[in-house]
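From first to last, the protein sequence lines are chains A and B. In my numbering, each number is its position in the first sequence, counted from 1, plus 234. In my numbering, each number is its position in the second sequence, counted from 1, plus 287. Presented below is the structure to which this report refers.
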Amino acid sequence: MRKLDLKRFTTMQLMELDACTRCGECITWCPTYQEKQALEAITPLGKIESTRSFFRAQQLGWLGRLLGLRGATEERLAGFSEGTYDCTMCGRCGVVCPVNISTRDLWISMRETLVDQGVYPESLDHLREMVTKHYNLSGDANEDRLIWSRNLPQVPTGVGGKTEAQVVYFVGCVASFYPQSYAVPQSIVEVMEAAGVDYMTLGGEEWCCGFPLMIAGMGDAAEESVRHNAEAVRRTGAELLVTGCPSCYHTLKHEYPRVLGEPLGFEVRHITELMEQLIDSGKLQFEPLEETVTYHDPCDLGRSTGVYDAPRNVIRAIPGVSFVEMEHHHDYSLCCGGGGDVEMADKDLSAAVAKRRVEEAQATGARMLLSACQQCNRTLAGAARLEKARLRVMDVAQLAARQLKTT
Amino acid sequence: MTLERAETVFWIAHLPMMVLFCAGMWVVLAGWRRGGSSRRPSGAPWRRMWLLVKGFIAEAWFNRRLLRNSFWRWLTHFMLLSGFMLTMGLSGISALSDKLLIHVFHLEHVDWIAMWVNQDHPVTAVLNEIGALLMTIGLLFFVVRRYLFRIPQLRTGPMDTWMVVGLGLILLSGWVTELVRLNSAHAGSTACYAFVAYPMAPLLNGLQLDWNSAYAWMYLIHGLLTSIVIVTIPFSKFMHVIAGALVTVGRQVEQEVGHAEA
């Protein structure tokens, strides 16, 4: 029997294990369970039951065995690991939990415990190596972080040409290194240029924010990145950091102060929040567009950080656009399938979840599926292509840049 | 058997079981304390207290999240919890009045204190019946949903069954005990507002039973069943009543403080 470290869990989380009422509401809303119903260990309820049983069996010893509690044997940990790492960490279960269990944080603690035990998908070792040695997700040379800007008609000074500015644009790994996402940072830069924002990027000094490691249960390995990025931004004297990546946004805004043990010293906002402000102050104006569009709430922007209105307000600011909601939106939004490092653990599962979301978007009659996350866009665009859906997937920033009113 | 003997047997069995219950709770609490530190809500004490009270009422008792998802589940939960809180509250006030205010401070002449130890007082009788009735209906809803409709999302295991059986036995034996008591020499006739057991009791009057002895037996059975269920609380699904309330309120306070700080 393996000995698990309870310190990975807070007192509140250990209470949450006992607070679960086994009502199964989480099961109804779990996007990965809908696609993989044979795997009971994937259900939020199943994960909580297993963890409680492991801990209580460990605590009670022979008495626990007498009460029928199942300890953490290698075989059970392996099954538990499969279920835990097949979770997209979308946090939908937490929204519907009647006892308000903070499920996403609980799954991270479970993953940290599994990493301690060495029972996790091998692909995550590769991920850890990429982030800690190359400082990005893809393993490319980190000095090439601005590669996305090379085919811009004219590279603005803000992109790699400044050492000080009011705003730091934190590009994020997916937008920096995945060619299908290059259009997003290009659009964000175009929008900020049009609005006259004094911004700069960190170039090779931008390291992975650490989010992929944190949700993999390898948060300890992300500490160097956290300290480096915070220091790099502070050196610029910027008052504001903006990013187009909801995962970077959530991590910088909420996880960095926790890891650092002190306030950041600068504000963190998502690009849609900045765009909303620029629209309100009249610095951004758009050409009309006669199109029906729908919007997918990225989990890390919506459920995890509570930003629902800003992207919708940007979309609604474009004259002529007819905006429709999908069946599930805001708190109840479906996951795109691209979160929680699931793509690394189970590609098919990720694709199946994305397919369901694309079907929901198609049902609205919209011709354009917008999101505010490069990872969501990438996953949804892949599913739309596979489904041959007549649906254009793009980022809110891309649409905004495309409709910019030039005076 | 006489009621005095039944009471003696009950306390002889009940006290060791309460020691076991406390030991179980100590194990659970010790387990919780092994976790890392949680964030404590900041702010003035009165504000924290207000957030706790507000959180308990809105999130634990009236459970807004549950209402958003399913009305019938919400109703089941609301009836069970309200009934539980009402009956437990009455028991607590009764014990406090009896053991402290009357036995220690000799305040039996104060009507509004004496009423809490009188099971047949119009107010206490009707409140007790309302509490038990809410729990009974709530439990029936629970059984229908989990065992008859077999809603797919539910995973029914021994823990769920024990909760239904344990609670069901307490409620059933409670109603029977009350009906028997009302036909015995231990009943008064002042409970003018009671609307369940009091109108039903005369219907059983024709049965040829030694009601006093039957009441003593039922008192003992009901009391022991309750004690047995209490002993299992720390390691059964019943624990969610305590842990769930703490987590629901704690998380709500965390979120509210977080929003305020943001």
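Heads up, the beta-carbon is just placed ideally off N, CA and C, and yes, glycines get one too.
- Residue 466/A sits away from residue 433/A, with the two beta carbons spaced by 8 angstroms or more.
- For residue 446/B, the nearest CB of chain A lies under 8 angstroms from its own CB, placing it at the interface with that chain.
- Contact between residue 385/A and residue 534/B does not hold, since their C-beta atoms are separated by about 52 angstroms, which reaches or exceeds 8 angstroms.
- Residue state for residue 408/B is assigned as coil, using DSSP reduced to three classes.
- Cβ contact annotation for residue 279/A (same chain, cutoff 7 angstroms, sequence separation greater than five): 254, 256, 258, 260, 261, in chain order.
- With the rule of 3 Cβ pairs closer than 8 angstroms, the stretch 293 to 305 of chain A does not count as touching the stretch 511 to 525 of chain A.
- About 6 angstroms separates the beta carbons of residue 590/A and residue 568/A, which is inside the 8 angstroms limit, making them a contact pair.
- Between residue 286/A and residue 252/A, the beta carbon gap of about 7 angstroms places them in contact (Cβ cut-off 8 angstroms).
- No Cβ of chain A is located within less than 8 angstroms of the beta carbon of residue 543/B.
- Taking all protein chains shown into account, residue 316/B has fewer than 16 neighbouring C-beta atoms within 10 Å of its C-beta and is therefore exposed.
- Taking 8 angstroms as the cut-off, the beta carbon of residue 369/A is found no closer than this to the beta carbon of residue 476/A.
- When the beta-carbon positions are compared, residue 574/A and residue 588/A stay at least 8 angstroms from each other.
- Annotation for residue 289/B: 499, 500, 503 place their beta carbon closer than 8 angstroms to its own, counting only its chain and skipping 5 residues before and after.
- Between the alpha carbons of residue 638/A and residue 557/A lies a distance of about 18 angstroms.
- Judged by pairs of C-beta atoms under 8 angstroms, the stretch 425 to 436 of chain B does not touch the stretch 505 to 512 of chain B, as fewer than three such pairs exist.
- With contacts defined by Cβ atoms closer than 8 angstroms, residue 410/B and residue 389/B do not form a contacting pair.
- Residue nearest to residue 392/A within the set 427/A, 284/A, 541/A is 427/A (criterion: CA-CA distance).
- Its chain contains 433, 524 as the residues whose beta carbon lies nearer than 7 angstroms to that of residue 447/B, once the 5 sequence neighbours on both sides are disregarded; these appear in chain order.
- Excluding the 5 residues flanking it on each side, residue 471/B has same chain C-beta neighbours closer than 8 angstroms at 498, 499, 501, 502, in chain order.
- Close partners of residue 353/B in chain A (Cβ separation under 7 angstroms): 332.
- When the beta-carbon positions are compared, residue 320/A and residue 583/A come within less than 8 angstroms of each other.
- Separation of the CB atoms of residue 483/A and residue 526/A is rounded to 28 angstroms, and the pair is thereby denied contact status at 8 angstroms.
- Between the C-alpha atoms of residue 330/A and residue 311/A there is a straight-line separation of about 27 angstroms.
- An exposed status is given to residue 360/A, since fewer than 16 other beta-carbon atoms sit within 10 Å of its beta-carbon.
- Measuring C-alpha to C-alpha distances from residue 425/A to each of 601/A, 245/A, 506/A, 615/A identifies 506/A as the nearest.
- Using a C-beta cut-off of 8 angstroms, the stretch 334 to 347 of chain A makes no contact with the stretch 268 to 277 of chain A, since fewer than three inter-stretch Cβ pairs fall below that distance.
- The Cβ-Cβ distance between residue 533/A and residue 325/A falls below 8 angstroms.
- Your pair residue 454/B and residue 426/B checks out as a contact, with CB atoms roughly 6 angstroms apart and the cut at 8 angstroms.
- In this structure, residue 446/A keeps its C-beta atom at 8 angstroms or more from the C-beta atom of residue 576/A.
- For residue 511/A, not one C-beta of chain B is nearer than 8 angstroms to its own C-beta.
- If you draw a straight line from the Cα of residue 623/A to the Cα of residue 440/A, it comes to about 36 angstroms.
- A residue is called buried once 16 or more other Cβ atoms fall within 10 Å of its Cβ, and residue 488/B is buried on that count.
- In its chain, beyond the 5 residues on either side, 339, 342, 343, 346, 347 have a beta carbon closer than 7 angstroms to the beta carbon of residue 536/B.
- Considered as a whole, the stretch 395 to 462 of chain A harbours 401 to 404, 433 to 435 as its complete beta strand (DSSP E) runs of no fewer than 3 residues, in chain order.
- Around the beta carbon of residue 396/B, fewer than 16 other beta carbons lie within 10 angstroms, which makes this residue exposed.
- Under the three-state reduction of DSSP, residue 504/A is assigned to strand.
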